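S.K.:
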Amino acid sequence: MTASRESTGSVPAQPAWVRRPASLARAVTAELVERIVRGVHPPGTSLPPEPALCEAFSVSRTVVREAVKILQEKGLVQVRQGSGTMVTPPATWDMLDELVLTATIAVDESLAILDDLVVTRRVLESDMANVAARLAGPDTVDRLRTLVDEMDELVDDPVTYAESDRAFHDTIMRASGNRIARGVVRSLEGQVVNTARYLGRTERALCVASNRGHRRIYERIAAHDPEGAAEAMFQHITEAWIVRRDGTADPVRLRR
C-alpha cells in the first residue's frame, strides 16, 4: 500500500485468514485496536468505510458493525452521523481494557505507560498495606511469614519466586478487604505479568533484593504499624520496578 493511500485512511491489503477465527468480530476489533494505537488511523481521522473494511477482512457488514461497536465501547472511536467513524484522542481510550493496554505497551518505547501502571499499583497497594496492618489476624501474619521464608529459598528460581511474590501481595490485598482496589491491581497485573517489558531483569540478586522489601512489609504488618507498612510497600514497588526496567526510569515520575 502506498503512503498516500495510508494517509486517506484506507486499510492495507491483508492476506486471507490463515486460520479463520472463531469470533470474526473480535479478531477484526483486535486488528483495528492495534492499527489505531500504532497511528495507522490517527485521532481525528475516520476509519475506512464499511465496504473497504469488509473487503480487507473478508467479512460481512454485520461483523464490521459489531467490531466498530466494540471499538466505540472501548473509547477508541465515535460514530458520527454523516461523518463516518472517527478515531478519538487517546485521553478517551479505556486503558483498563486488555486489547488497548497491550497495544499501547507494545508501541511505547519510553515505557511511560508501564511507569503509570506501576504508580497506580503502588498507590492502591500502599493503601491496602496500611489497612492490612490494622486488620490482619494471626492467620494472615503467619501466611505472610511463610511466603517470605519460601521466597528466600526460591531466589534461584525466578518463575516460582514470581508466583510466591504474587501470592504475597494478594494476601495483603485480601486482608485489606478492599475488593475494588484488589480487582484493579489484579486486572492490570494480569495483563502485563508475562510481558518481557514488565518483567524486566529477573536474576538472583534482584530476587534477593526484592524479598528484603517483602520482609520489611511483613514485619510492619506483623507489628500492626499501618504507616510503616504503607511506606514499606511504597518503597518496595518503586525500587523493584526501577531495577526491573534496568535503571532507566525517571525517578521523579516514579516517586511522585
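Mapping of the sequence shown onto full-length UniProt numbering: position 92 corresponds to residue 92, and the numbering continues sequentially without gaps. Positions of the beta carbon are idealized from the N, C-alpha and C atoms, including for glycine. Just so it is clear, the structure is predicted and the values come from calculations on it, not from any experiment.
1) Check whether the stretch 165-177 touches the stretch 141-148, taking contact to mean three or more Cβ pairs, one atom from each stretch, closer than 8 angstroms.
2) How is arginine 80 classed by DSSP in three states: helix, strand or coil?
3) Can you give me the Cβ contacts of residue 257 inside the same chain, cut-off strictly under 7 angstroms, excluding the 5 residues immediately before and after it?
4) Determine the direct distance from the alpha carbon of arginine 220 to that of isoleucine 70, and round the result to whole angstroms.
5) The alpha helix (DSSP H) with arginine 182 in it runs from where to where?
6) Between leucine 254 and glutamine 235, what straight-line distance do the alpha-carbon atoms span, to the nearest angstrom?
7) Could you say which of Thr120, Ser126, Arg80 and Glu31 lies nearest to glycine 228 if we only look at CA atoms?
8) Kindly indicate which three-state DSSP category valine 87 falls into: helix, strand or coil?
9) I'd like to know if the stretch 102-120 and the stretch 62-79 are in contact, where contact means that at least 3 CB-CB pairs between them fall below 8 angstroms.
10) Helix or strand or just coil, what does DSSP make of serine 58?
11) For serine 126, name the three-state secondary structure that DSSP assigns.
12) In three-state DSSP terms, what is serine 164?
13) Here's a check: name, in chain order, each residue in its chain whose Cβ is nearer than 7 angstroms to the Cβ of tyrosine 161, leaving out the five neighbours to either side.
14) Please confirm whether alanine 128 and serine 58 have their CB atoms less than 7 angstroms apart.
15) According to the neighbour-count rule (16 or more other Cβ atoms, all chains shown, within 10 Å of its Cβ), is arginine 134 buried or exposed?
16) Buried or exposed: arginine 244, going by 16 or more other Cβ atoms within 10 Å of its Cβ?
17) Below 7 angstroms CB to CB, which residues in the same chain sit around leucine 111 once its five sequence neighbours on both sides are set aside?
18) If you draw a straight line from the alpha carbon of proline 90 to that of arginine 215, how long is it in whole angstroms?
19) Can you check whether the CB of valine 185 is closer than 7 angstroms to the CB of arginine 121?
20) Do you know how far the Cα of valine 118 is from the Cα of arginine 256?
21) Who are the near neighbours of proline 49 in its chain, counting only those whose CB is closer than 8 angstroms to its CB and skipping five residues on each side?
22) Taking DSSP as the reference, what is the three-state secondary structure of serine 176?
23) Work out the CA separation of valine 193 and glutamate 31 for me, nearest whole Å.
24) What is the DSSP secondary structure of serine 210, counted as helix, strand or coil?
25) For proline 42, which residues in the same chain have their Cβ closer than 8 angstroms to its Cβ, ignoring the five residues on either side in sequence?
26) Please report the distance separating the alpha-carbon of aspartate 115 from that of glutamate 239.
27) Taking the continuous alpha helix (DSSP H) assigned at histidine 236, which residues delimit it?
M.R.: Looking at the atomic coordinates:
1) yes
2) strand
3) Given a span of 1 to 256 for the chain in the structure shown, any question on residue 257 remains unanswerable.
4) Linking isoleucine 70 to arginine 220 through their CA atoms gives a straight-line distance of about 45 angstroms.
5) 179-192
6) For leucine 254, the predicted model reports a pLDDT of 46, less than 50, meaning its position is unreliable and no value from the coordinates is stated.
7) Ser126
8) strand
9) no
10) coil
11) helix
12) helix
13) Met151, Leu154, Val155 and Cys207
14) One detail in the question is off: residue 128 reads as methionine in this sequence, not alanine. Not a contact, by the Cβ cut-off of 7 angstroms.
15) Looking at its Cβ environment, which holds fewer than 16 other Cβ atoms inside 10 Å, arginine 134 is exposed.
16) Its Cβ being crowded by 16 or more others within 10 Å, arginine 244 is buried.
17) Taken in chain order, the residues that qualify are Arg197 and Arg245.
18) 39 angstroms
19) yes
20) Residue placement at arginine 256 is poorly supported in this model, since its pLDDT is 46, which falls under 50; the coordinates still yield a value, given next. Going by the C-alpha atoms only, they are around 12 angstroms apart.
21) Gly84
22) helix
23) In this model, glutamate 31 and valine 193 are separated by some 22 angstroms (Cα to Cα).
24) Helix, per DSSP.
25) Correct list, in chain order: Val87.
26) 12 angstroms
27) 226-244
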